[in-house]
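Here the structure is laid out as structure tokens; the discussion comes afterwards.
Chains as they are written, first to last, in this note's numbering: chain A, 451 to 566; chain B, 2 to 114.
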């Protein structure tokens, strides 16, 4: 088994501020993901990293940067927080990118962002 | 492009009665995998069911689903809903030779006494 840890759990920022969210996994998985969760909009992929030192843009990458510091960690930066923005950011990992079809993505508990 | 459509919004059911959450998909890929994720309040989404085999019933924690490629569906069902089943449910599609999941918009299931 393993676990995904996301820090911080809650993040309150100011408009225009750069904010960084962190994710750690101990599954020894190659691939990691960042999703944004908004009520009624499902889970939207922001960035993913197939292996260490790889970065790929998802469907919602504008306004975000990401970095894969090492195999076990993946960070997401909100480059300029938008006023009244409220969302949950979920980190996930999976064994690899093109592996078995039933390989599962495992999720962390999320970081809840509020921009004042 | 590929897409997933699931019962949207809120589904309310009385404890002990059956529940069905619909999920259909569109894709040109022949080889796919399908997942149902459940997210309890303030917790991480977790896999409830998964399948890549056509017409094979998959069961877990009292829930079951069957992937029907002929109707492009993977509906989630339970014969007797429990209060503890109240949660947010997502269906998700994986296609081709990638790890990318395409999620539906989510269905909130509320089981009332």
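Glycine is no exception: its CB is placed at the ideal position from the N, C-alpha and C atoms.
Bear in mind the structure is a predicted one, so any value in this text is a computation, not a measurement.
Pair within 7 Å by beta-carbon distance, residue i and residue j
i, j, result
"residue 527 of chain A", "residue 500 of chain A", "no"
"residue 536 of chain A", "residue 564 of chain A", "yes"
"residue 547 of chain A", "residue 100 of chain B", "yes"
"residue 11 of chain B", "residue 109 of chain B", "yes"
"residue 84 of chain B", "residue 9 of chain B", "no"
"residue 42 of chain B", "residue 52 of chain B", "no"
"residue 79 of chain B", "residue 14 of chain B", "no"
"residue 73 of chain B", "residue 26 of chain B", "yes"
"residue 117 of chain B", "residue 89 of chain B", "The question about residue 117 of chain B has no answer, for chain B in this structure spans 2 to 114."
"residue 28 of chain B", "residue 96 of chain B", "yes"
"residue 451 of chain A", "residue 476 of chain A", "no"
Residue-chain proximity (residue i, chain B), Cβ-Cβ < 7 Å
i, result
"residue 558 of chain A", "yes"
"residue 544 of chain A", "yes"
"residue 484 of chain A", "no"
"residue 501 of chain A", "no"
"residue 451 of chain A", "no"
"residue 455 of chain A", "no"
"residue 481 of chain A", "yes"
"residue 492 of chain A", "yes"
"residue 561 of chain A", "no"
"residue 554 of chain A", "yes"
CB-CB length for residue i against residue j, believed under 8 Å
i, j, result
"residue 471 of chain A", "residue 522 of chain A", "Rounded, the Cβ-Cβ distance is 15 Å, inconsistent with contact."
"residue 561 of chain A", "residue 468 of chain A", "Rounded, the Cβ-Cβ distance is 15 Å, inconsistent with contact."
"residue 506 of chain A", "residue 514 of chain A", "The pair is not a contact, with the Cβ atoms about 12 Å apart (cut-off 8 Å)."
"residue 104 of chain B", "residue 5 of chain B", "6 Å"
"residue 487 of chain A", "residue 566 of chain A", "Residue 487 of chain A to residue 566 of chain A, Cβ: 20 Å. No contact."
"residue 502 of chain A", "residue 491 of chain A", "Incorrect: roughly 30 Å between the Cβ atoms, too far for contact."
"residue 35 of chain B", "residue 64 of chain B", "That belief does not hold up - the Cβ atoms of residue 35 of chain B and residue 64 of chain B are roughly 13 Å apart, past 8 Å."
For residue i, three-class secondary structure by DSSP
i, result
"residue 85 of chain B", "helix"
"residue 493 of chain A", "strand"
"residue 477 of chain A", "coil"
"residue 15 of chain B", "strand"
"residue 127 of chain B", "In the structure displayed, chain B extends from 2 to 114; residue 127 of chain B sits before or after that span and is not available."
"residue 47 of chain B", "strand"
"residue 76 of chain B", "coil"
"residue 53 of chain B", "coil"
"residue 94 of chain B", "strand"
"residue 71 of chain B", "coil"
"residue 42 of chain B", "coil"
"residue 107 of chain B", "coil"
"residue 451 of chain A", "coil"
"residue 459 of chain A", "coil"
"residue 561 of chain A", "strand"
"residue 468 of chain A", "coil"
"residue 9 of chain B", "coil"
"residue 59 of chain B", "strand"
CB contact check: residue i to chain A, cutoff 7 Å
i, result
"residue 46 of chain B", "yes"
"residue 35 of chain B", "no"
"residue 2 of chain B", "no"
"residue 75 of chain B", "no"
"residue 104 of chain B", "yes"
"residue 63 of chain B", "no"
"residue 17 of chain B", "no"
Checklist line | Ranges of the beta strand (DSSP E) found wholly within the region 479–541 of chain A, counting only runs of at least 3 | finding: Listed in chain order, the beta strand (DSSP E) runs fully inside the region 479–541 of chain A are 481–487, 493–499, 514–520, 523–528, counting runs of at least 3 residues.
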